[in-house]
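Here the structure comes first, spelled out in structure tokens, and everything after it is commentary.
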Amino acid sequence: MKFKNPVFLASGIMGETGSSLKRMAKEGAGAVTTKSIGLNPNPGHKNPTIVELDIGLLNAMGLPNPGVNSYIEELEEVRDFIKKLDTKIIGSIYGKNEEEFIEVAKKIEEYVDLIELNISCPHAKGYGMAIGQDPDLSHSICKAVKKSVSVPVFAKLTPNVSNILEIAEALVEAKVDGFVAINTVRGMAIDIRAKKPILSNKFGGLSGKAIKPIGVKVVYDLYENFDKPIIGVGGIYTGEDAIEYIMAGASAVQVGTAVYVRGYDVFKKICEEIKKFLEEENLKLKDIIGIAHE
Ligand code: DHB
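What follows is the structure in structure tokens.
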């Protein structure tokens with residue numbers, strides 16, 4: 014699959030509606046990823062759902078989304094516009110079991126270029142990470158979705174495991190087409206005056222600057238062990254951050270927290286920064302994918 018550039022919108026930010034995806038496409042993202050969509054409407058957790066930190070964001074939204082039937086109506090309205098910009102759409106989906114994953118995947122398939130399995134949300138009981146920490150569940154869900162759709166299926170991995178390669182291996186056996194690495198890292202913040210956790214869910218997922226070295230290491234290990242395309246994500250704010258992930262083995266990157274920190278034009282900025290580096294080094298993007306392994 015070809016993309017106009019390797020800097021994509023990550024799931025979870027500005028992907029809650031069709032019109033916000035359209036806006037991110039206009040801002041120059043090579044692909045836009047939806048907020049994770051499930052079978053039924055879900056209001057998510059009560060506020061507070063986000064804590065802003067110096068090193069990133071801590072969030073526990075609780076997978077809020079309007080449900081796949083409403084969401085595809087929104088995609089229907091924006092997909093021609095997004096296609097004209099040559100921007101690809103990645104549909105992030107979640108479910109509590111194989112049946113739910115299959116149903117959502119089948120419904121969303123015709124509206125997206127690629128499906129991203131969210132088997133890595135760090136705090137939704139029975140969803141996300143509960144699946145992504147278990148190699149057998151990861152395998153069966155990936156296999157079931159792969160059998161049900163014809164678009165490529167990538168799995169987004171959780172770093173909250175002791176052996177991520179065991180999970181990746183199970184997904185490769187289930188014929189996953191590629192990896193998205195990494196999802197957020199579990200964390201907590203406490204309000205010392207209120208003397209309790211700030212998030213209504215008590216804990217959440219840490220994104221942003223703090224998690225970049227964790228993500229780079231996961232991408233490096235995936236590239237070393239498997240022959241599958243990797244989308245790197247976690248703490249990418251600049252072209253230099255993106256290049257680190259690419260040198261570790263990612264063919265493209267996703268940007269989430271930095272959309273909030275650097276603004277909506279972050280995609281153009283990061284693309285320019287990557288271009289400048291490649292010109293200075295007299296290299297092409299494909300030359301540096303996985304170069305840190307040589
Ligand atoms: C949520 C989902 C995620 O996959 C994640 O990493 C963080 C938060 C959520 O909707 O709560």
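So the sequence shown is residues 14 to 307, counted in my numbering. Heads up, the beta-carbon is just placed ideally off N, CA and C, and yes, glycines get one too.
The ligand COA heavy atom lying under 7 angstroms from the CB of residue i
| i | result |
| --- | --- |
| asparagine 131 | For the ligand COA, the structure offers nothing, since it holds only the ligand DHB. |
Option nearest residue i by Cα separation, candidates the options
| i | options | result |
| --- | --- | --- |
| tyrosine 107 | Lys96, Pro54 and Val64 | Pro54 |
| glycine 41 | Phe280, Ser153, Val231 and Ala305 | Phe280 |
| isoleucine 180 | Glu307, Lys159, Gly145 and Val125 | Gly145 |
| valine 185 | Ile243, Val274, Tyr277 and Gly80 | Ile243 |
| alanine 44 | Met27, Tyr258 and Asn60 | Met27 |
| valine 268 | Pro165, Ile95, Val246 and Glu253 | Val246 |
| leucine 291 | Thr270, Arg275, Tyr277 and Glu257 | Glu257 |
| isoleucine 115 | Asp190, Ala255, Val158 and Glu87 | Val158 |
| lysine 160 | Tyr140, Ser133 and Glu112 | Glu112 |
| proline 165 | Ala223, Lys101 and Cys134 | Lys101 |
| asparagine 18 | Ala255, Ala271 and Glu307 | Ala255 |
| glycine 51 | Lys59, Gly104, Asn60 and Leu98 | Gly104 |
| valine 231 | Gly262, Tyr250, Gly217 and Ile68 | Gly262 |
| alanine 271 | Ala265, Glu293, Ser264 and Gly248 | Gly248 |
| alanine 194 | Leu178, Gly31, His306 and Lys188 | Leu178 |
Residue i CB to nearest heavy atom of the ligand DHB below 7 angstroms
| i | result |
| --- | --- |
| alanine 187 | no |
| alanine 305 | no |
| methionine 74 | yes |
| methionine 49 | According to the sequence as given, residue 49 is serine; it is not methionine. Yes - the ligand DHB has a heavy atom lying nearer than 7 angstroms to the Cβ of serine 49. |
| threonine 46 | no |
| asparagine 323 | Here the chain has residues from 14 to 307 only, and residue 323 is not among them. |
| proline 135 | yes |
| glycine 228 | no |
| glycine 218 | yes |
| glycine 200 | no |
| glycine 25 | yes |
| glycine 141 | yes |
Residue i: first and last residue of the uninterrupted alpha helix (DSSP H) it sits in
| i | result |
| --- | --- |
| arginine 199 | Segment 198-200 is the beta strand (DSSP E) holding arginine 199; no alpha helix (DSSP H) there. |
| glycine 145 | 142-145 |
| asparagine 82 | 81-97 |
| isoleucine 154 | 148-161 |
Cβ-based burial, residue i [other Cβ within 10 Å; buried from 16]
| i | result |
| --- | --- |
| methionine 14 | exposed |
| arginine 206 | exposed |
| glutamate 122 | buried |
| glycine 252 | buried |
| lysine 312 | With the chain represented from 14 up to 307, any question about residue 312 goes unanswered, as that position is not in the structure. |
| proline 79 | buried |
| methionine 228 | A small correction: the amino acid at residue 228 is glycine; methionine does not occupy that position in the sequence shown. The residue in question, glycine 228, is buried, as its Cβ has 16 or more Cβ neighbours within 10 Å. |
| glycine 69 | buried |
| glycine 276 | exposed |
| proline 135 | buried |
| leucine 296 | exposed |
| glutamate 89 | exposed |
| lysine 208 | exposed |
| isoleucine 95 | buried |
| isoleucine 85 | buried |
| glutamate 307 | exposed |
Extent of the continuous beta strand (DSSP E) to which residue i belongs
| i | result |
| --- | --- |
| threonine 46 | 44-46 |
| glutamate 186 | First-last for glutamate 186: 177-186, but that is the alpha helix (DSSP H), not the beta strand (DSSP E). |
| valine 20 | 20-22 |
| lysine 169 | 166-169 |
| phenylalanine 192 | 191-194 |
| lysine 59 | From DSSP, lysine 59 is part of no beta strand (DSSP E); its letter is neither H nor E. |
| glycine 218 | 217-220 |
| serine 339 | Nothing about residue 339 can be read from this structure; the chain reaches only from 14 to 307. |
Below-8 angstroms beta-carbon distance, residue i vs any chain C residue
| i | result |
| --- | --- |
| methionine 27 | Here there is only one protein chain, and chain C is not present. |
Three or more C-beta pairs below 8 angstroms linking the stretch 290-302 and the stretch 267-282: no
Decide yes or no for the touch test of the stretch 231-243 against the stretch 206-217: beta carbon pairs closer than 8 angstroms, at least 3 of them. no
For the pair the stretch 168-179 and the stretch 189-202, tell me if three or more CB-CB distances fall below 8 angstroms. yes
For the stretch 31-39 against the stretch 60-77, are there 3 or more C-beta pairs whose distance is under 8 angstroms? no
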